[in-house]
Each structure stands twice: as C-alpha cells, then as structure tokens.
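What follows is a single structure, written as structure tokens, with notes after it.
Numbering (the working numbering), first residue to last: 37 to 253.
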C-alpha cells in the first residue's frame with residue numbers, strides 16, 4: 037500500500053510536468069495514467085516484511101556477516117571459511133559467485149585466480165577441473181592450517197551454509213543470465229533459501245534477471 041501511495045504522489049508530479057509540456061489535460065491524464073498502470077502491473081512484488089526481518093535480523097538484532105565467507109580467519113570463499121564463520125558466531129556469510137570456462141558456478145571474488153590461489157589466468161579460460169587443482173589457501177596468512185582446501189562449487193557452499201544454519205548473501209558481479217539460471221536452480225533444489233538468503237549485485241541486469249516476474253524465484 038505504501039508503495040502504491042508513493043507512486044501515486046510521484047505521478048501527480050509527472051502529470052503536472054506533462055500538462056506543462058502538452059498543454060492538454062486529456063493527453064496528460066492518458067499518458068501519466070497509462071504509465072502508472074504499466075508500472076503497477078509489471079512491478080516486482082515486494083518481499084514480505086517478516087521474511088526480510090528473518091533474513092536481515094535472524095536473531096532479532098543486527099547480526100555479524102562473514103565477508104567472503106570470513107576471509108580473515110580462513111581462505112576466502114572456501115568451505116573452511118564458512119565452517120569457521122559458524123563457529124565464531126556469525127549469523128550469515130557473503131559469498132562471491134563466479135563461473136569457470138565450462139560454466140560451473142564456483143566461489144571466487146576475482147575473475148582471475150592469482151590473488152587467492154597458486155595458479156594464474158582468467159576464470160573464463162580455466163575449466164572447473166583446472167580450477168579444482170588450485171590451492172585457494174596459497175596466499176592466505178594461515179595457509180599452513182588449510183592444506184588440501186579446494187575452490188568449492190556454489191552448491192557445495194550452499195549445502196555447507198544450510199548445514200550450519202547460516203543465512204547467505206549471494207554477491208553476483210556479472211554473468212547475469214548464467215547467475216540467474218544457477219540461482220533459480222538452487223532455490224528449486226533448496227527451498228529453505230527463500231527464507232535465508234539475499235541476492236546482491238551492483239549490476240541491475242543481474243537483479244532483474246533473477247527477479248524476472250515471468251520466472252520468479
């Protein structure tokens with residue numbers, strides 16, 4: 037209701053502007069009314085407040101969110117980081133979604149592997165099997181404590197988070213179509229995600245594709 041009232045107020049201003057431009061009350065009413073109906077009919081339904089509160093404040097208060105899974109205590113975007121985040125009392129983790137050359141969704145912040153692993157090159161040039169052989173702890177300050185750690189798939193990370201009852205913030209940097217498809221499948225396979233996760237991105241196209249009203253999550 038508040039959304040609709042706010043929209044009506046905005047379109048009152050639109051009507052006045054159109055009236056000044058067209059000098060026609062009838063045409064101004066038709067144009068502003070048509071635009072209003074278009075936005076109302078095709079807008080995304082707002083998420084219920086109760087669900088928002090459950091995700092953002094799962095313990096009834098502002099909670100700690102482990103950035104990149106908890107990169108200070110363990111190699112970022114790894115299963116080890118997720119486990120430690122849970123042990124250290126985090127209520128949620130932020131995970132970075134990327135894709136390998138063969139389209140496998142994995143956890144990785146950068147589109148290259150040099151900063152966090154012992155490999156080199158762009159993810160778009162590396163298959164999942166090649167990425168899986170890399171050591172994501174190679175450049176971490178506590179590398180010796182995380183021997184054998186692997187770059188996880190998105191699914192593996194989600195399963196680990198759900199096992200520890202952690203809320204998830206999916207950070208999507210790009211690959212809108214791929215990301216939307218991968219996330220939709222996860223929401224189908226793990227319905228719990230509807231009440232314990234948020235999809236975040238600086239790219240509007242990612243959010244619109246994930247929230248496509250014709251294929252809602």
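Note that the Cβ used here is the ideal one computed from N, Cα and C, for glycine as well.
- Under the three-state reduction of DSSP, residue 66 is assigned to helix.
- Boundaries of the beta strand (DSSP E) harbouring residue 135: 128–135, taken from the DSSP string.
- In this structure, the beta-carbon distance from residue 50 to residue 65 does not fall below 7 Å.
- By the neighbour-count criterion, in which 16 or more other beta carbons inside 10 Å mark a residue as buried, residue 60 falls on the exposed side.
- Between residue 153 and residue 171, the CB-CB gap stays under 7 Å.
- When beta bridges are read from the DSSP output, residue 243 appears opposite no residue.
- Counting of Cβ neighbours within 10 angstroms places residue 104 among the buried residues, the total reaching 16 or more.
- By the 16-neighbour rule on beta-carbons within 10 angstroms, residue 197 is buried.
- Here the C-alpha atom of residue 175 lies approximately 30 Å from the C-alpha atom of residue 222.
- Annotated three-state conformation of residue 227 is helix, per DSSP.
- Approximately 20 Å separates the beta-carbon atoms of residue 206 and residue 120; this is outside 8 Å, ruling out the contact.
- Excluding sequence positions up to five before and after residue 236, its CB lies within less than 6 Å of the CB of 205 and 207, all in the same chain and listed in chain order.
- A straight line joining the alpha-carbon of residue 195 with that of residue 220 spans about 15 Å.
- In the structure shown, residue 238 adopts coil according to DSSP, grouped into three states.
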